[in-house]
Amino acid sequence: MLARLSILSDPMIAVLLIATALAALIPAGGEGRAAAQIVSNAAIFVLFLVNGMRIARAEIARGLANWRFFLPLFCWVFGAMPLIGLALSGAAGAILPSALPPMVALGFLFLGTLPSTVQSATSYTSLAGGNVALSVVGAALINIAGVFITAPLFAALAGSDAADIGSETIVRIGLILILPFVIGQAVQGWTIDWLKAHKSKVAWLDRAVIGIAVYVAFSGAVEQGLGTMFGALGWAVLIGLVILYLIAGTGGAWITGGALGLAREDRTAFLFAGAQKSVAIGAPLAAIMFPAQLAGFVIAPLLLYHLLQLIIAAPLANMLAGQLAKGRRV
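Just so you know, we're using our numbering here: the sequence shown kicks off at 543 and counts up by one.
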C-alpha cells in the first residue's frame, strides 16, 4: 500500500515535472502564448464540468449535516491556513526582500487560501485507518467552497496593491470555473455512473489539465526571467518557508482535531483534509486570476508544497495506522 502511495509512483509528480521542464525549454511566448492560454482555459472549463458531474449532491448534503466536523474544517482551511500564509508572505517580503521575487512571496498567501485535495486526502486517511467517508465528503465540500471563496479571500487578505481582482477576473472565474461546475451538477444524474466506470481515464484528464495550466503559467515566468531571479539563498528561503508552512499546517490540523474532541478516526480525516492543498484547484485558478507573466511565480510555493506534502504523507499515515493497531491514543 505504501508503495502505491509513495511520491515516486505518483503520476502527478511526473506531470508537474514535465510541464515545468517544457516551460523552461520551450516556453509559450508571443502569439503562441495567446493560443496556449485559450487551450488552457478550455481545458479548465472541461475539468470543472467533470468535477460538477462527479461530486454527488447527496454527499454534499451529508457533509453539511455533519457540521461538528465540517464547520471547524472550513474555518481551519479558509481561516487559519490563509493567516499562516499571510504571515509567511509578509516575513518573506519584509525580512528577505532580495531573496524572493515579490510574487513568489505572495504565493504563500495564495497557497493558504486554496482548498484541500480530495483524492490524496482520502487515500492517506484510508491508509492511516481514519474515517474515509468523512474525508471524502469533507474534502469535496471544501473543494466546492474553494471555487467560490479562494479568489475573493486572497484579494481581501493581499490588499488592493498586491491583488487587483477586478470585474474582468470575476467574470472569467464565473465563466470558466463556476458555470461548468453548475452545469455538471445539473446533468450528473445522467453522467455520474459513466464517470465512476471510467475513473482512471478521468484521473488522467485531471492531470492533463493541471499540466497544461502549469506549463502556461511557468512559460510566462520563464520569459520574465524566473531562472535568473533565484540564487542559492532564494531557493533556501523558499524551501525553508514551505517546510515551515507544512509543519504548521499538519501539526495545527492534528492539534485542532484533538482540541475539538474528535474521535481518533475523525481526527485523522481532519488532519489530511485540513493540511493538504490542492494543485488541481490552484494551478487552474492561478492561470485565470493572474497575468501569464506572473502566474508562474505565484504557484511556485504551491508546487513545492504539493511535492513535500506527498513526501511526508505516506510515512505519517503509516505511523498513525501503527499507533491505531497498538491501541494507542495520541
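Ideal Cβ positions, reconstructed from N, Cα and C, are used throughout, including at glycine. Please read all numbers here as calculations on a predicted model, not as lab measurements.
Could you give the DSSP three-state label for GLN865: helix, strand or coil?
helix
I need the straight-line Cα distance from MET861 to ALA577, nearest angstrom please.
47 Å
Using C-beta distances below 6 Å, list every residue in its chain close to GLY571, excluding the 5 sequence neighbours before and after it, in chain order.
GLU765
Is the distance from the Cβ of TYR811 to the Cβ of LEU676 below 8 Å?
Note that residue 811 corresponds to Ala in the displayed sequence, not to Tyr. Going by C-beta atoms, ALA811 is nearer than 8 Å to LEU676.
Report the residue ranges of all alpha helix (DSSP H) runs contained in full by the stretch 569–644; include only those spanning at least 4 residues, in chain order.
573–596, 599–607, 609–617, 623–637
Can you find the residues in the same chain that come closer than 7 Å, C-beta to C-beta, to ALA755, ignoring five residues on each side of it along the sequence?
SER582, ILE586, ALA825, PRO826, ALA829
Spatially closest choice to LEU656 from ALA561, ALA837, ALA817, by CA coordinates:
ALA817
With distances taken between CB atoms, is the gap from MET595 to LEU737 smaller than 8 Å?
yes
Report the three-state DSSP secondary structure of GLY671 (helix, strand or coil).
coil
Pick from ALA584, PRO643, GLY627, ASP808 that is closest to PHE696, judged by C-alpha positions
GLY627
Excluding the 5 residues preceding and the 5 following LEU783 in the sequence, name in chain order all residues of the same chain whose CB lies nearer than 7 Å to its CB.
LEU630, ALA634, PHE650
May I ask which residues mark the beginning and end of the alpha helix (DSSP H) holding SER742?
741–765
Nearest to PHE760 by CA position, among PRO694, VAL840, GLY794, THR733, is which residue?
VAL840
Please name the residue in ILE734, LYS819, PRO614 whose C-alpha comes closest to that of GLY803.
PRO614
Kindly indicate which residue of ASN593, PRO553, ALA622 has the alpha-carbon position closest to the one of GLN730.
ASN593
Contact set for ALA763: own chain, Cβ-Cβ below 6 Å, skip 5 residues either direction:
GLY838, PHE839
For PHE620, the nearest candidate out of GLN851, ILE686, ALA778 (CA to CA)
ILE686
Using alpha carbons as the reference points, say which of ARG599, TRP618, ALA556 lies closest to ALA728.
ARG599
Once you ignore the five residues that flank ARG714 on each side, which residues in its own chain have a CB closer than 6 Å to its CB?
ILE830
Just curious, the alpha helix (DSSP H) that THR810 is in, first and last residue?
806–817
For SER826, name the three-state secondary structure that DSSP assigns.
Rather than Ser, the amino acid found at residue 826 in this sequence is Pro. Helix at PRO826.
Can you round the beta-carbon distance between ALA815 and SER658 to whole angstroms, since I take them to be within the 8 Å contact cut?
5 Å
Cβ-Cβ separation, VAL646 to ALA842 (assumed contact under 8 Å), whole Å:
5 Å
Of the residues LEU559, VAL588, ALA698, the one placed nearest LEU625, counting alpha carbons only:
ALA698
Distance, Cα to Cα, ALA565 vs TYR757?
5 Å
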